[in-house]
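K.L.:
Below: one structure in structure tokens.
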Amino acid sequence: MDHQPEAMNFPTKQQQQQQQQQQQEQQQQQQQQQQQQQEQQQQQQQQQAMNLKLKFSDFNLLQTLGTGSFGRVHLVQSTVNHLYYAMKVMRKELVVRKKQVQHTVNERNVLMAVDYPFLVKLWGTFQDGANIYMVMDYIPGGEVFSLLRKHQKFSEVTARFYAAEVLLSIAYLHSHDIIYRDLKPENLLIDPQGHLKITDFGFAKYVPDLTYTMCGTPDYLAPEIIESKGYGKSVDYWSLGILIYEMMAGYSPFYDEHQLRLYEKIVRCKPVYPDHFSAATKDLLSHLLTADLTQRYGNLRRGYMDVVEHPWFSSIDFTMLANRQVTPPFIPMTKDPGDTSNFDKYDEVNIRYGVDQPDPYGRFFKNF
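In structure tokens form, the structure reads like this:
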């Protein structure tokens, strides 16, 4: 009996494409796992180095990254593990004179208490007779503010990605009864993979119920802060609305050169939306930029889930986002971990740090 050869079952084009897609997904998962393992190893290495009692001689001072009312932020390199950090240096005299001791203590306490992928990590603090020092992650991708200034405004896709990572961060902080109070593009850093790191916790505070302090950046203040009412976590959702508007328009919704008129516009709360804003964008902002706290999303019974489940965020998988598995819209150019090309240049001044000298303000900073 003649035997007919069996027909060969070659995969169809669709099956080949599916196999290729599966292989690509497996490769991506392997790369993500390797990256996570490397990050964990690096964190363990950093933690071991930082478990030692820090002092200024543990670091080489490299470059100024920013200046503020109380001092400077410098890029430094550890002499222990040779990794790069951002060192925030604040003069005790100025902090005390401007009555900002409690804000400074709050910043340290909050940063020591939190641990989240989209928040900058504080590795340690120390002090000398003249200054207090905070050693944090160095994030070389620069500020969202600089990126926005370069592009003038973001697409809805880009704005949505950054807003989603901010939203998760706010929800995390609020779950620990911490309000942030200083959300703005200048305080959003971009890491080498394109994800956000929120920095500058000078106005962050543990608030289980209400607080009455007027603080923050004028353009981002919620109406209840301006009107000196007690306020809570709702102010961060107002600021999220301002941030989304500014990222998509290129300017804040209530901008005015005169601060009093700015405050009047905020309290009146009638933002004008640019023509290119989609219906979903305007609807979300109408639920965030409302002075009526019984209507503001994030402040209602379901909390942040009202924002998460809004149609504007329908394309975001928040579970994947929380695991840093969503591809960012922008990857910064960085040559190496100590690259500073994404930051503005500042004049370097000859300041002596780590000097042994009398400490007239030491009683204010006992926990540092």
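Just so we're aligned, residue 1 is where the sequence shown starts under full-length UniProt numbering, counting upward by one.
Ideal Cβ positions, reconstructed from N, Cα and C, are used throughout, including at glycine.
Here the structure is a predicted model, which means the values were calculated and not measured.
(1) Which complete alpha helix (DSSP H) runs does the region 144–217 hold, if anything under 4 residues is left out?
(2) Mapping the DSSP letters down to three states, classify residue 364 as helix, strand or coil.
(3) What is the C-beta distance between residue 139 and residue 104, in whole angstroms, given that I count them as a contact (C-beta under 8 angstroms)?
(4) When the Cα of residue 292 is compared with those of 314, 348, 223, which residue comes out closest?
(5) Let me know if residue 115 comes out buried or exposed under the rule of 16 or more other beta-carbons within 10 Å of its beta-carbon.
(6) In three-state terms, what does DSSP make of residue 70?
(7) For residue 290, which residues in the same chain have their Cβ closer than 8 angstroms to its Cβ, ignoring the five residues on either side in sequence?
(8) In the structure shown, what three-state DSSP assignment does residue 302 receive?
(9) Considering only residues of the same chain and omitting the five flanking positions on each side of residue 112, which have a CB-CB separation below 7 angstroms?
(10) Would you mind stating whether residue 281 and residue 156 have Cβ atoms separated by less than 8 angstroms?
(11) Run the CB neighbour count on residue 259, radius 10 Å, all protein chains shown included, and call it buried at 16 or more, exposed below.
(12) List the residues that DSSP assigns as beta-bridge partners of residue 88.
(13) Quick check: what's the CA-CA separation for residue 227 versus residue 211?
(14) For residue 63, which residues of its own chain have a beta-carbon under 6 angstroms away from its beta-carbon, when the five flanking residues on both sides are left out?
(15) Tell me whether the region 297–307 and the region 158–172 touch, counting them as touching only if at least three CB pairs, one residue from each stretch, are closer than 8 angstroms.
(16) How would you label residue 315, buried or exposed, when you count the other beta carbons within 10 angstroms and need 16 or more for buried?
(17) Within this structure, are the beta carbons of residue 163 and residue 240 separated by less than 8 angstroms?
(18) Taking 8 angstroms as the cut-off, decide whether the C-beta atoms of residue 190 and residue 329 are in contact.
(19) Have a look at 82, 305, 276, 274 and flag the residue whose alpha-carbon is nearest the alpha-carbon of residue 287.
(20) From this set, 127, 201, 283, which residue's C-alpha is nearest residue 358's C-alpha?
(21) Run through the region 233–271 for me and flag every whole alpha helix (DSSP H) of 4 or more residues, listed as ranges in chain order.
(22) I'd like the list of long-range same chain contacts for residue 199, defined as Cβ closer than 6 angstroms, with 5 residues on each side in sequence excluded.
(23) Verify whether the separation of the beta carbon atoms of residue 271 and residue 231 is less than 8 angstroms.
(24) Would you call the CB atoms of residue 218 and residue 262 closer than 8 angstroms?
(25) Any chance the CB of residue 190 is under 7 angstroms from a heavy atom of the ligand PLP?
(26) From this set, 233, 146, 221, which residue's C-alpha is nearest residue 209's C-alpha?
(27) When the Cα of residue 213 is compared with those of 181, 251, 337, 363, which residue comes out closest?
(28) Measure from the alpha carbon of residue 254 to the alpha carbon of each residue in 248, 89, 267, then state which is nearest.
(29) Going by DSSP, what residues sit across from residue 382 in a beta bridge?
(30) Buried or exposed: residue 99, going by 16 or more other Cβ atoms within 10 Å of its Cβ?
(31) What three-state label does DSSP hand residue 399 in the structure shown?
(32) Do you know how far the Cα of residue 61 is from the Cα of residue 348?
(33) Look up residue 318 in the DSSP assignment and say whether it is helix, strand or coil.
(34) DSSP state of residue 289, grouped into three classes?
(35) Could you please give me the residues that DSSP links to residue 126 through a beta bridge?
(36) Taking the alpha-carbon positions, what's the residue 365 to residue 96 distance?
P.N.:
On the basis of the coordinates in this document:
(1) 144–151, 156–175
(2) The sequence position of residue 364 within the sequence shown is 364, counting from 1. Of the three classes helix, strand and coil, the one that applies to residue 364 here is helix, per DSSP.
(3) Taking the first residue of the sequence shown as 1, we reach residue 139 at position 139. Taking the first residue of the sequence shown as 1, we reach residue 104 at position 104. Not quite, the Cβ-Cβ distance comes to about 21 angstroms (not below 8 angstroms), so this is no contact.
(4) Here the question's residue 292 lines up with position 292 in the sequence shown. The shortest C-alpha separation from residue 292 is found at 223.
(5) Counted from its first residue, the sequence shown places residue 115 at position 115. When all chains shown are included, residue 115 counts as exposed.
(6) Numbered from 1 along the sequence shown, position 70 holds the residue referred to as residue 70. Coil, per DSSP.
(7) To locate residue 290, count along the sequence shown from 1; it is residue 290. Correct list, in chain order: 269, 296.
(8) Position 302 of the sequence shown, counting from 1, holds the residue named residue 302. Residue 302 falls in the coil class under three-state DSSP.
(9) Taking the sequence shown and counting its residues from 1, the one referred to as residue 112 is at position 112. When the five nearest sequence neighbours on each side are left out, the beta carbons in the same chain lying within less than 7 angstroms of the beta carbon of residue 112 are those of 122, in order along the chain.
(10) Position 281 of the sequence shown holds residue 281. Position 156 of the sequence shown holds residue 156. The answer is yes: Cβ separation under 8 angstroms.
(11) Here residue 259 corresponds to residue number 259 of the sequence shown, with the count starting at 1. In the assembly as shown, residue 259 is an exposed residue. Its beta-carbon has fewer than 16 other beta-carbons within 10 Å.
(12) Working through the sequence shown from its first residue, we reach residue 88 at position 88. Residue 88 is bridged to 73, 134.
(13) In the sequence shown, counting from the first residue as 1, residue 227 sits at position 227. In the sequence shown, counting from the first residue as 1, residue 211 sits at position 211. About 13 angstroms.
(14) Position 63 of the sequence shown, counted from the first residue, corresponds to residue 63. Within the same chain, residue 63 has close Cβ partners 75, 340.
(15) yes
(16) By 1-based counting over the sequence shown, the position of residue 315 is 315. With fewer than 16 other Cβ atoms within 10 Å, it is exposed.
(17) Taking the first residue of the sequence shown as position 1, residue 163 is located at position 163. Taking the first residue of the sequence shown as position 1, residue 240 is located at position 240. Their beta carbons are under 8 angstroms apart, which means residue 163 touches residue 240 by this criterion.
(18) Here residue 190 corresponds to residue number 190 of the sequence shown, with the count starting at 1. Here residue 329 corresponds to residue number 329 of the sequence shown, with the count starting at 1. No, these two residues do not count as a Cβ contact at 8 angstroms.
(19) Locating residue 287 in the sequence shown gives position 287, counting from the first residue. Ranking 82, 305, 276, 274 by Cα distance to residue 287 puts 305 first.
(20) As a position in the sequence shown, residue 358 is number 358, starting the count at 1. Checked all of 127, 201, 283; the closest Cα to residue 358 is 127.
(21) 234–249, 259–268
(22) Position 199 of the sequence shown, counted from the first residue, corresponds to residue 199. 120, 187, 189, listed in sequence order.
(23) Taking the first residue of the sequence shown as position 1, residue 271 is located at position 271. Taking the first residue of the sequence shown as position 1, residue 231 is located at position 231. Result no, Cβ atoms of residue 271 and residue 231 do not sit closer than 8 angstroms.
(24) Sequence index remark: in the sequence shown, residue 218 carries index 218 (1-based). Sequence index remark: in the sequence shown, residue 262 carries index 262 (1-based). In this structure, residue 218 sits near residue 262, with a CB-CB distance shorter than 8 angstroms.
(25) In the structure on display, the ligand PLP does not appear, and there are no ligands present to speak of.
(26) As a working note, residue 209 is residue 209 in the sequence shown. Closest by alpha carbon: 233.
(27) Taking the first residue of the sequence shown as position 1, residue 213 is located at position 213. Among 181, 251, 337, 363, the Cα nearest to that of residue 213 is on 181.
(28) The sequence position of residue 254 within the sequence shown is 254, counting from 1. Among 248, 89, 267, the Cα nearest to that of residue 254 belongs to 267.
(29) Shown here, the chain extends from 1 to 368; a query on residue 382 therefore has no answer.
(30) The residue you call residue 99 lines up with position 99 of the sequence shown. Classification of residue 99: exposed, given that the 10 Å Cβ count is below 16.
(31) The structure shown does not extend to residue 399, since the chain is modelled only from 1 through 368, so no value can be given for it.
(32) Position 348 of the sequence shown, counted from the first residue, corresponds to residue 348. Position 61 of the sequence shown, counted from the first residue, corresponds to residue 61. Computed Cα separation, rounded: 11 angstroms.
(33) One-based indexing of the sequence shown puts residue 318 at position 318. In the three-state reduction of the DSSP assignment, residue 318 falls in the helix class, which pools H, G and I.
(34) The residue labelled residue 289 in the question sits at position 289 within the sequence shown. In the three-state reduction of the DSSP assignment, residue 289 falls in the coil class.
(35) As a working mapping, residue 126 is identified with position 126 in the sequence shown. Looking at the DSSP assignment, residue 126 forms a beta bridge with 133.
(36) For the purposes of this step, residue 365 is taken as the residue at position 365 of the sequence shown. For the purposes of this step, residue 96 is taken as the residue at position 96 of the sequence shown. Cα to Cα, residue 365 sits roughly 10 angstroms from residue 96.
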